[in-house]
Amino acid sequence: MRGGKRLKLLVLLVPLLILGGCAGNSKDSQSANKLPTNYQTALKQAKGQTVTYYGFGGSDTQNRWIDQVVTPMMKKKGITVKRVPMDIDTILNKLTTEKEANKKQGNIDVVWINGENFYNAKKLGLLDGPLNNKMLPNMKRYISASDPDVKRDMATPIDQLEVPYGNAQFVMIGSKKMFNGNYPTSAAKLLDWAKTNPGKLTYVAPPDFTGSAFIRNIIYETVGYQALNDAPATKAGIYKVIKPSLDYLNELKPYLWENGKTYPKTTAQMDKMFADHQIALDFSYNQMYAATQKSTGQFTNDAQTFLFDKGTIGNYNYLAVPKTAPNKAAAIVLINMMLSKKAQSEQLSLKYGAAIPPYSASKMPPEITDKLNDSAKKNNTVPVKTLAKKRIPEVSGKKIPIIEQLWKEHVLNAN
Amino acid sequence: MPTKRKIILLLSPFYLFFTLFFFSAVLKSFVTSLGYYPIVGLKKIGLQYYGSAFHSATFLASCERTFLFALFSTAMACLVGLGLAFLFNGRKNNFTRIFFKIAQLPVMLPHIFIVLALLQLISQTGLIPSLLVHLGIMASINHFPLLVNDPLQIGIILTYLWKEIPFVIVSLVLVLRQMDDRYKIVAVNLGATKWQNFWHISLPLIQPALINAFIINFAFNFGSYEVPYLLGNQQRELLPVYIYDLYVQGDLTQLPLTMSLNLILSLFSILFAGLLLKIGRFLPGGHTGGSK
Numbered sequence: 001m002r003g004g005k006r007l008k009l010l011v012l013l014v015p016l017l018i019l020g021g022c023a024g025n026s027k028d029s030q031s032a033n034k035l036p037t038n039y040q041t042a043l044k045q046a047k048g049q050t051v052t053y054y055g056f057g058g059s060d061t062q063n064r065w066i067d068q069v070v071t072p073m074m075k076k077k078g079i080t081v082k083r084v085p086m087d088i089d090t091i092l093n094k095l096t097t098e099k100e101a102n103k104k105q106g107n108i109d110v111v112w113i114n115g116e117n118f119y120n121a122k123k124l125g126l127l128d129g130p131l132n133n134k135m136l137p138n139m140k141r142y143i144s145a146s147d148p149d150v151k152r153d154m155a156t157p158i159d160q161l162e163v164p165y166g167n168a169q170f171v172m173i174g175s176k177k178m179f180n181g182n183y184p185t186s187a188a189k190l191l192d193w194a195k196t197n198p199g200k201l202t203y204v205a206p207p208d209f210t211g212s213a214f215i216r217n218i219i220y221e222t223v224g225y226q227a228l229n230d231a232p233a234t235k236a237g238i239y240k241v242i243k244p245s246l247d248y249l250n251e252l253k254p255y256l257w258e259n260g261k262t263y264p265k266t267t268a269q270m271d272k273m274f275a276d277h278q279i280a281l282d283f284s285y286n287q288m289y290a291a292t293q294k295s296t297g298q299f300t301n302d303a304q305t306f307l308f309d310k311g312t313i314g315n316y317n318y319l320a321v322p323k324t325a326p327n328k329a330a331a332i333v334l335i336n337m338m339l340s341k342k343a344q345s346e347q348l349s350l351k352y353g354a355a356i357p358p359y360s361a362s363k364m365p366p367e368i369t370d371k372l373n374d375s376a377k378k379n380n381t382v383p384v385k386t387l388a389k390k391r392i393p394e395v396s397g398k399k400i401p402i403i404e405q406l407w408k409e410h411v412l413n414a415n
Numbered sequence: 001m002p003t004k005r006k007i008i009l010l011l012s013p014f015y016l017f018f019t020l021f022f023f024s025a026v027l028k029s030f031v032t033s034l035g036y037y038p039i040v041g042l043k044k045i046g047l048q049y050y051g052s053a054f055h056s057a058t059f060l061a062s063c064e065r066t067f068l069f070a071l072f073s074t075a076m077a078c079l080v081g082l083g084l085a086f087l088f089n090g091r092k093n094n095f096t097r098i099f100f101k102i103a104q105l106p107v108m109l110p111h112i113f114i115v116l117a118l119l120q121l122i123s124q125t126g127l128i129p130s131l132l133v134h135l136g137i138m139a140s141i142n143h144f145p146l147l148v149n150d151p152l153q154i155g156i157i158l159t160y161l162w163k164e165i166p167f168v169i170v171s172l173v174l175v176l177r178q179m180d181d182r183y184k185i186v187a188v189n190l191g192a193t194k195w196q197n198f199w200h201i202s203l204p205l206i207q208p209a210l211i212n213a214f215i216i217n218f219a220f221n222f223g224s225y226e227v228p229y230l231l232g233n234q235q236r237e238l239l240p241v242y243i244y245d246l247y248v249q250g251d252l253t254q255l256p257l258t259m260s261l262n263l264i265l266s267l268f269s270i271l272f273a274g275l276l277l278k279i280g281r282f283l284p285g286g287h288t289g290g291s292k
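Chains as they are written, first to last, in our numbering: chain A, 1 to 415; chain B, 1 to 292.
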């Protein structure tokens, strides 16, 4: 009996010993390598290395772009790209856990990041820098350092810790037939239309990314960007400022699909409702969404992209290098490659999601501008110049969950 | 009969895995839920997050709703499953044999499969409403009743029933098949009615299996995320969706609160399962049951 007990105790202890062992080992691991000082050294060091890119897994078109365009271009430089699809929340959790465990070397070289996730990563000191013009020739060539989106990401100072690589802007997609060519280009017009055509509008419920952006766009329409940007990031402070917007959404609510008692859960659901003409209006955070959807047969020529007269929210996707990245030289080469004209103009094709380059308006190569304007004519999207003119920045990432919370309390669950 | 030592050794691979990954994760969430999360500068240890959880009206309302919902859907699955299991077992012919084989299929298919099938079939833009419109039975797809994301949570209940009724059938039929028919024959011989036969013989024999199935289904219905996320109604948000939303909102200082909610959910599930087991012991067929 005693022997049995001892054995049991031993078995109980073994895993804990292993756990202890893990914690002990990680402290002795080699110190992380440093960022190279310039692009030439990076290129030399990176030969023969493998660079691991953690990108958003949910975008097929972007994954295809990495696999079919970027990876072969890197191969020519003698660098292998390993792409790991993962949600940014999960990536950030992974990096946070690594830091908690005091791990010096991880396995993520380049990570896709923006907004509140960048705010958190910066606060926790997870990212390496500076990533700047000196290291990235393509950044110097196409992106001017004075661009607001190079300085701040959703109101968080970037401090050379991330590099823009994709440009996103909120656009409305309306049904030509249902709107009869007369698109609601302001919140007021939208409400009027809803009142005469009840049940034909809806939006994806936050915390869905797109639904959340729609609500912020309504806030910009009703109280203005500046008011929200100046509001303190507290629940009471934001409530006071956005009260008229919540009132607006409540006024709209009974005229929504199913009287606003329920909302679609995913953008896929909303796209389907739009394609079936159950609703007249769809949204996207990709300016060319109507075109890509048309190319896959989901939407028809009936889909017309338009903007609010006062503008819509725009933001950038960024790339960053974690402090624990094992191959920083190769990471720099990859980022530079993703910013290159060749990679970016390939990304404009519909099969790669037609993502607009993060280039500054003044430095945009003419062939890219032409391509975009051509698509505007063919696929009923909005020309680049108009997009740039009607672009409003994002507010601080910290405010977004608060707005979503307020929407839930005062609109979704209001009587 | 294997010795105790042998059992321990046989269980050790599972146990090793369990302790390494599961137990350490639970431990970590527990420590975080007490407010110790040094990476964002939180070091004050205490029960403050549990306190604020129990003071949050939204959380409590969601808790109550989720509990009642899980209880209702589980009870329904168990009752229907029980009825069908007896029906199968009572008539043994080729038809019931094939039906039983088919009934095993949903047990193997994952929930998400059924969720997607329901979305494709019975949402307003799904196949069935479109078909009805094409056939001229319905004027427009807007006339089709809302069955997913609806206020009564019909979509979620359908998913759970589709998956759990077969589960109950399979676990009960296996017990029923091993049941000694002589008990029944004797009872009938002594003049027992059909009902007495069921209540005094069959039910006590299958009761432990039924309670087990109930616990497994309840734990799932109470803690499942993907089904209510995709099919649920936002106004009647269920607990797992509420917690996960809080978790991904990206405010790391909220993490201790999220973890405390998570542990409350898990602890409640475990306690409720314990209670059910306890009740099972006193019911006919339990270890202390049967005698008055």
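Every residue, glycine too, gets a C-beta built ideally from N, C-alpha and C.
Practice task
Verify whether the separation of the beta carbon atoms of Gln234 (chain B) and Ala205 (chain A) is less than 8 angstroms.
Solution key: yes
Exercise for the section: Taking only beta-carbon positions, decide if Asp251 (chain B) is within less than 8 angstroms of chain A. Expected result: yes
Practice task
Could you please give me the residues that DSSP links to Asp282 (chain A) through a beta bridge?
Solution key: A:Ile173
Practice task
Say whether the segment 158 to 166 of chain B touches the segment 103 to 120 of chain B, bearing in mind that this needs 3 or more beta-carbon pairs closer than 8 angstroms, one atom from each stretch.
Solution key: yes
Problem - Boundaries (first-last residue) of the alpha helix (DSSP H) holding Tyr293 (chain B) - result: The question about residue 293 (chain B) has no answer, for chain B in this structure spans 1 to 292.
Exercise for the section: Determine the DSSP secondary structure at Thr159 (chain B), reduced to helix, strand or coil. Expected result: helix
Handout entry: Straight-line gap, Pro130 (chain A) to Lys294 (chain A) (C-alpha atoms, nearest Å)
Key = 41 angstroms
Handout entry: Inter-residue Cα distance where the pair is Ile304 (chain B) and Leu277 (chain B)
Key = This structure leaves residue 304 (chain B) out entirely; chain B is present only between 1 and 292.
Handout entry: Any 3 or more C-beta pairs closer than 8 angstroms across the segment 118 to 126 of chain B and the segment 178 to 185 of chain B
Key = no
Exercise for the section: Please classify Ser202 (chain B): is it buried, with 16 or more other beta-carbons within 10 angstroms of its beta-carbon, or exposed? Expected result: buried
Practice task
Can you pull the chain B residues whose beta carbon is under 8 angstroms from the beta carbon of Thr262 (chain A), in chain order?
Solution key: Leu146, Asn149, Asp150, Pro151, Asn233, Gln234, Gln235
Exercise for the section: Please check if any C-beta of chain A sits within less than 8 angstroms of the C-beta of Val227 (chain B). Expected result: no
Problem - Residues of the segment 254 to 275 of chain B with Cβ closer than 9 angstroms to any Cβ of chain A, in chain order - result: Residues of the segment 254 to 275 of chain B whose Cβ lies closer than 9 angstroms to any Cβ of chain A, in chain order: Gln254.
Practice task
Excluding the 5 residues preceding and the 5 following Tyr225 (chain A) in the sequence, name in chain order all residues of the same chain whose CB lies nearer than 8 angstroms to its CB.
Solution key: Ile392, Pro393, Val395
Handout entry: CB contact check: Thr66 (chain B) to chain A, cutoff 8 angstroms
Key = no
Exercise for the section: If I'm right that Leu406 (chain A) touches Leu246 (chain A) with Cβ under 8 angstroms, what's the distance once you round it to whole angstroms? Expected result: 7 angstroms
Practice task
Answer yes or no: do Ile173 (chain A) and Gln304 (chain A) have a C-beta to C-beta separation smaller than 8 angstroms?
Solution key: yes
Handout entry: Unbroken beta strand (DSSP E) run spanning Trp112 (chain A), endpoints
Key = That run of the beta strand (DSSP E) goes 110 to 113.
Problem - Opposing strand residues paired with Asn167 (chain A) [DSSP bridges] - result: A:Tyr316, A:Ile356
Practice task
Please check the pair Thr202 (chain A) and Trp112 (chain A), which I expect to be a contact at CB under 8 angstroms, by giving their CB distance rounded to whole angstroms.
Solution key: Not really, about 29 angstroms apart at Cβ, beyond 8 angstroms.
Handout entry: Pick from B:Ser269, B:Thr258, B:Ile264, B:Gln124 that is closest to Pro264 (chain A), judged by C-alpha positions
Key = B:Gln124
Exercise for the section: On a CA-only basis, which of A:Asp302, A:Lys34, A:Asp89 is nearest Ile279 (chain A)? Give me that one, please. Expected result: A:Asp302
Exercise for the section: Could you tell me which residues DSSP pairs with Thr369 (chain A) in its beta bridges? Expected result: None, per the DSSP bridge assignment.
Practice task
Could you please give the first and the last residue of the uninterrupted alpha helix (DSSP H) stretch that includes Arg141 (chain A)?
Solution key: 137 to 142 is the span of the alpha helix (DSSP H), which, as asked, contains Arg141 (chain A).
Exercise for the section: Would you kindly check if the distance between the Cβ of Val40 (chain B) and the Cβ of Asp89 (chain A) is under 8 angstroms? Expected result: Annotated as distal: Asp89 (chain A) and Val40 (chain B), with beta-carbon spacing of 8 angstroms or more.
Exercise for the section: Keeping to the same chain, check which residues put their C-beta closer than 8 angstroms to that of Leu246 (chain B); ignore five residues upstream and five downstream. Expected result: Gln254, Leu257, Thr258, Leu261
Practice task
Would you verify that the beta carbon of Lys99 (chain A) is, or is not, closer than 8 angstroms to some beta carbon of chain B?
Solution key: yes
Handout entry: Continuous alpha helix (DSSP H) assignments of at least 4 residues falling wholly in the segment 201 to 263 of chain A
Key = 209 to 222, 225 to 230, 235 to 252
Practice task
Using a Cβ cut-off of 8 angstroms (strictly closer), state whether Val133 (chain B) contacts chain A.
Solution key: no
Problem - Where Tyr39 (chain A) sits in the DSSP three-state scheme - result: helix
Practice task
Rank B:Ile157, B:Tyr225, B:Tyr244, B:Pro284 by C-alpha distance to the C-alpha of Ser73 (chain B) and give the top, closest one.
Solution key: B:Ile157
Exercise for the section: Indicate whether the contact test is met: 3 or more Cβ pairs, each with one atom in the segment 55 to 64 of chain A and one in the segment 332 to 342 of chain A, closer than 8 angstroms. Expected result: no
Exercise for the section: Please compile the residues from chain B whose C-beta is within a distance smaller than 8 angstroms of the C-beta of Gln439 (chain A). Expected result: Residue 439 (chain A) falls outside the range modelled here, since chain A spans only 1 to 415, and no answer is possible.
Problem - Coil, strand or helix - Lys292 (chain B) by DSSP - result: Residue placement at Lys292 (chain B) is poorly supported in this model, since its pLDDT is 38, which falls under 50; the coordinates still yield a value, given next. Of the three classes helix, strand and coil, the one that applies to Lys292 (chain B) here is coil, per DSSP.
Exercise for the section: Could you tell me which residues DSSP puts in a beta bridge with Leu127 (chain A)? Expected result: Answer is A:Pro322.
Practice task
Could you round the C-beta distance between Asp128 (chain A) and Pro322 (chain A) to whole angstroms and report it? I think they count as a contact, below 8 angstroms.
Solution key: 7 angstroms
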